[in-house]
Amino acid sequence: MGKVYSLLGLQWGDEGKGKVVDHISKDISAAVRYQGGHNAGHTLIVNNEAIVFHLLPSAICHENIKCFLGRGVVVSLDALFEEIGDASRIIDNIETKLVVSPACSLIQPYHIKLDQLRERSHSSTTIGTTGRGIGTTYEDRVGRRGIRAIDLFNETNLHDKLKEALDYYNFLFSNSFKEEPIDFHQIYEKNLMQAEQLKPLIGNVSNEIKNLIDEGKSVLFEGAQGALLDVSLGTYPFVTSSNVIGGISSGVGISPTAIDYSLGIAKAYTTRVGEGPFPTELNDEIGKFLAEKGGEVGATTGRKRRCGWLDAILLKHAVYLSGVDGICLTKIDVLDGLDTINVCTGYESKLPVEDILESMNLEHLEPIYTHFKGWDEPTYGLNKFEDLNKIAQDYIFAIEDMCGVPIVMISTGPKREDTIIRNLF
Ligand code: IMP
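Just so we're aligned: 307 in numbering that gives the first Met the number 0 is position 308 of the sequence shown, and the numbers increase by one with no gaps anywhere.
Below, the structure is given as structure tokens:
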């Protein structure tokens, strides 16, 4: 009997989900994105070629896996077709493997323009977004005026909706930002042209997935970004605009009880891209060491990731909120060679920790650290838990104790085989 898996980052994204997808791809028949858009980024090495996926589920490069973009995803058709074109170099018949929900909201050029103008305006709400129009498209979605994939197939409808949208956005561009307006005809024609290209990809995502599950096939839901970037439960306003935690049901159209096993991914330290509070951030030599050794550069924007110690308070909270059954701990080898490894196990603050976590306002917190001795014997490339040095093992046991769920998988290097499997699934 197949299983339904969910995979989700437990920090601020970039935890290294690709490794897990790689690992379970042989057991799954379908991979599904349910939120976010092309703000995500996974770099995969296929036949010695690096390929970056932003919108497509990263499992698409594995054989016999059908891939789905559920209704909760915001889709830039430019990005989708570019990614398909790029991936076609190494993946055959990509179009036959992909199904897009007609209920997906479309990212239009005015969404991207407004996102970027706001970011450049240096107002108090500068988030450090990826500048891809993600938040602005979700704004239109909840404002019930967004253009969805289905709208491309009704010319009159599309015409009227785009016209209304441009009246609104061009007013903003001219008056608030003193910018040139966007030409209606150009984007209307482009949408119609892209409709033809999109047509063969459109399908009934929720039904197809339900049928696969009923047939006993295994399905993987790939969360993008990370739990702490969730619009409702994350470090608001420094978040992305979708529900990373618990978004599967509304983002695909299946029951929340369909998930058999949820795996959370966490780095052995913490990184963050963009603005927002980060209590354990290290602006020192150790921060630089983690960034360089961990290759901490964003796959989507090329920005340097901020680095810091593992925050066990936030990790435990993300585990609790998301209800993951186990954790995959990644990049433990990056800690090889450090004299001391710190883990945040409390905060000095005026408010009780529970109240801080309810608002997720993490400003002005002084982390309280538990200190672990570093290890001399490297963990790099190991694939058996018994081969890990005793101190690294104790570090892992301590994180398990703090979070209350088992660490079922440990990544010890970038290669597929640099992985320790303990009791996965
Ligand atoms: P947006 O999703 O482009 O609106 O950006 C909002 C915040 O989420 C910014 O801090 C981004 O850096 C962050 N973000 C969005 N996608 C990712 C991701 O895939 N990994 C890490 N951070 C992300």
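Every residue, glycine too, gets a C-beta built ideally from N, C-alpha and C.
- Residue 239 counts as buried, since no fewer than 16 other beta carbons sit within 10 angstroms of its beta carbon.
- DSSP places residue 10 outside any beta strand (DSSP E), giving it a letter other than H or E.
- Between the segment 18–37 and the segment 120–138 there are three or more inter-stretch CB-CB distances shorter than 8 Å, so the stretches are counted as touching.
- About 20 Å separates the beta carbons of residue 321 and residue 252, which is beyond the 8 Å limit, so they are not a contact pair.
- Contact between residue 398 and residue 328 holds: CB atoms are separated by about 7 Å, below the 8 Å threshold.
- Between residue 15 and residue 330, the gap from beta carbon to beta carbon is short of 8 Å.
- Contact between the segment 240–259 and the segment 302–313 is absent: fewer than 3 CB-CB pairs across the two stretches fall below 8 Å.
- In the DSSP assignment, no residue is bridged to residue 81.
- For residue 243, the three-state secondary structure derived from DSSP is coil.
- Not one heavy atom of ligand 1 is found less than 7 Å from the C-beta of residue 357.
- Straight-line measurement puts the Cα of residue 388 at about 16 Å from the Cα of residue 417.
- For residue 126, no pairing in a beta bridge is given by DSSP.
- Closest by C-alpha distance to residue 228, out of 207, 271, 264, is 271.
- Relative to ligand 1, even the nearest heavy atom lies 7 Å or more away from the CB of residue 280.
- Annotation for residue 310 indicates a beta carbon at 7 Å or more from all heavy atoms of ligand 1.
- Counting every other CB atom within 10 Å of its CB across the protein chains shown gives residue 415 a total below 16, marking it as exposed.
- Residue environment for residue 88: exposed (fewer than 16 other C-beta atoms within 10 angstroms of its C-beta).
- When the five nearest sequence neighbours on each side are left out, the beta carbons in the same chain lying within less than 7 Å of the beta carbon of residue 278 are those of 310, 343, 346, 361, 364, 366, in order along the chain.
- By the Cβ-count criterion, residue 122 is exposed, with fewer than 16 other Cβ atoms from all chains shown falling within 10 Å of its own Cβ.
- Between residue 6 and residue 19, the gap from beta carbon to beta carbon is short of 8 Å.
- Between ligand 1 and residue 224, a heavy atom-to-CB distance of less than 7 Å is present.
- Residue 27 and residue 98 have their alpha carbons spaced roughly 16 Å apart.
- Secondary structure within the segment 16–47: the alpha helix (DSSP H) runs of 4 or more consecutive residues, fully enclosed, are 16–23 (chain order).
- Take residue 374, set aside five residues on each side of it, and the residues of its chain with a beta-carbon closer than 6 Å to its own are 388, 390, 391, in chain order.
- Nearest to residue 315 by alpha-carbon distance, out of 341, 57, 353, 100, is 353.
- In the three-state DSSP reduction, residue 392 falls in the helix class (H, G or I).
- Comparing C-alpha distances from residue 337 to each of 401, 268, 77 shows the shortest one belongs to 268.
- For ligand 1, no non-hydrogen atom lies closer than 7 Å to the CB of residue 19.
- The segment 177–186 makes contact with the segment 149–168: 3 or more CB pairs, one atom from each, lie closer than 8 Å.
- Residue 274 is not a Cβ neighbour of residue 111, given a cutoff of 8 Å.
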